[in-house]
Structure formats: C-alpha cells, structure tokens
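See below for the structure under consideration.
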Amino acid sequence: MRTPSLIFPLKSVRLLAICILFSFHSNAQISKLVGGVLTKKSDDVKNMSVTFGYTTNLYSLEAKTLTQNAIKGWKEGASMVGAVFTKRDGIGLIEMDGKVFVDGIEAEYIGLGSFILILENDDLKPKTIRVEVSNGVSYEVVVEPAPEVKIKSINSSSSGTAIIDLSSDLNLELDFDKSLHDLNVALGLITGVPGGKDFSAFCIAKPKEKLQIPYQAVTSKQISAGGISGKTNLIKFKKG
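Heads up: the sequence shown is residues -2 to 237, going by our numbering.
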C-alpha cells in the first residue's frame, strides 16, 4: 500500500535540508480574498524565503481537495515539484516577480506564492529547480524524492479499507527505508475547512515499524468528524 510522501529532502551542492510539504497551501486557501491580502508581488530576494518541494504519489482525484482544485493537471500517482515563496519576516506569501523552471521546463504560478510542475507518473529522478527573478538574480537547487513509506496495516488490518475510530489510539505498521530513521514523517487526514476540505497533518513523528498515535492527536475540531462527535473517518488507501 503506497501513501503520498510527506517529507521532502532538499539537496543543493553543499546543503542537505528537509523541506515541508505544501500543506499550508491548502490551509491558506480559506478564501481567494484572504489569499489576495496575504500575497504581495516582489523581486526583493532579501525579504523573501523559499521552500522547495518534491511530492510523490499524488493521491486520487476522488478526494476532491482544495489543493487539487488549485493545481491544474493533477494526476493520481504522479509527482509534483515546485517552490513556495513567503515573507522572510512576519506572515505573508510572496508572488515572486519572475519565473521558476524545473529541468528547464517552466513551472506554473498557481497563486499564493506557489510555482508547481506536475511530472509523469514514472519520473522520480532528481530535479534541478532554477529561480529567475525579474531583477536579474537567479539561483538553483537540486531536489530529490524522499524514500517511499508503505503502510502495511492500520489497527492490525491490512485489507483495502480501514475504519479509524477517532476515540481510540491509532496503530500503524510501516515499511520504510532505513535512511528515514533520522527524518520525520507527517501523518494527515482530510479535514473540513471553510470553502471545502483538504489534508491536514495531525502528527509529526520519527518513523517506526510500529507507530502508535494517541487518539488525542485527532480530537481537534479542525479534523472532520473529530472532537466529541464520536463519529469515525473512513480512509481508503491504495494497494501497491
């Protein structure tokens, strides 16, 4: 069973760092109005930060999330590479005045400071992301996909569908490359947000072959069917 990669190594010539998922992108889409207020166009690289990401195994369109609505060409099982620009200080997104290229192919600006390029399903090669700012500044990094994490079972069930009781602890059995031991993995559920639904991370932890997540991690009212409702979430995961 394959799950979307939720951690993203960022590798440049002399730098190894971990990138976050574009998860905040969906949360920022509470409304177009909010996005417009938070996003400012700029070519001042001294006052902007950038996060580069490499997302693999995009989830099914059946999820109908806000993120999928924002990204043209979304394909189940494909990969996504791009960059998100934010203010260096304070809160806000930056519409970088310039272009972003992935292996020479121009990425699409989709709003909210984000430039995205969808790859073919079988393309998992390292990618060179080049940023070209309108003022003549340019720089590039190389990003690589994280090793795959597989879910072997959910609450001891390895069938195609698992029902999660949000009032009980969640037990996962994972299979992953040993190189992930020094990294973190993020686990998410589809959550209800103003304007639609999207995945939100409810737990960030070191990967283990058997990972137990306390039920308190999903009792936030932000989680669909969470809180004191006593309802359950139905999660369908893909065999692979």
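By construction, the Cβ of each residue, glycine as well, lies at the ideal position given by its N, Cα and C atoms.
These figures come from a predicted structure and were not determined experimentally.
Close Cβ partners of residue i (< 6 Å) along its chain, the five nearest in sequence each way excluded
i      : result
Gln209 : Asp166, Asn168
Val47  : Ala80, Phe82
Asn44  : Arg85
Pro123 : Val139, Glu141
Met93  : Phe82
Phe275 : For the chain, the structure presents residues -2 to 237; residue 275 sits outside this window and is missing.
Gly70  : Ile115
Cys200 : Leu184, Ile210, Ala214
Ser153 : none
Beta-carbon proximity check, residue i vs residue j, cutoff 8 Å
i      : j      : result
Ile107 : Ile68  : yes
Leu242 : Tyr212 : Within the shown structure, residues of the chain are numbered from -2 to 237, placing residue 242 beyond reach of any answer.
Asp40  : Val130 : yes
Ala214 : Asn181 : no
Straight-line gap, residue i to residue j (C-alpha atoms, nearest Å)
i      : j      : result
Tyr136 : Ile161 : 45 Å
Tyr51  : Ala75  : 11 Å
Ala198 : Leu186 : 7 Å
Leu77  : Leu90  : The amino acid occupying residue 77 in the given sequence is Met; Leu does not appear at that position. One C-alpha to the other measures close to 20 Å.
Ala255 : Ile102 : The question about residue 255 has no answer here: the residues shown for the chain are numbered -2 through 237.
Val128 : Gly95  : 8 Å
Thr158 : Lys37  : 43 Å
Leu121 : Ser111 : 21 Å
Asp100 : Asn66  : 25 Å
Ile151 : Lys207 : 10 Å
Phe49  : Leu109 : 14 Å
Asp179 : Asn132 : 39 Å
Ala188 : Thr53  : In the sequence on display, residue 188 carries Thr and not Ala. Taking the straight line from one Cα to the other gives about 21 Å.
Neighbourhood of residue i by C-beta, 7 Å cutoff - its chain only, sequence neighbours within 5 removed
i      : result
Val134 : Val42
Ser155 : Lys149
Pro144 : Phe173, Asp174, Ser176, Leu177
Phe21  : Bear in mind that the predicted position of Phe21 carries a pLDDT of just 37, short of 50, making it too unreliable to give a figure here.
Neighbour-count burial assignment, residue i, 16 or more Cβ in a 10 Å radius
i      : result
Leu116 : buried
Leu184 : buried
Ser176 : exposed
Leu58  : exposed
Ile88  : exposed
Contacts around residue i, its chain only, beta-carbon distance under 8 Å, and the 5 residues preceding and following it disregarded
i      : result
Lys72  : Leu55, Ile115, Asn118
Glu105 : Lys69, Phe112, Ile113, Leu114
Would you list, in sequence order, the uninterrupted beta strand (DSSP E) runs of no fewer than 3 residues that lie entirely inside the region 127 to 203? Secondary structure remark: continuous beta strand (DSSP E) runs of at least 3 residues inside the region 127 to 203, in chain order: 135 to 140, 146 to 151, 158 to 162, 167 to 173, 182 to 190, 193 to 202.
Complete alpha helix (DSSP H) runs within the region 63 to 104 (minimum length 4 residues, chain order): Runs of the alpha helix (DSSP H) inside the region 63 to 104: 63 to 67.
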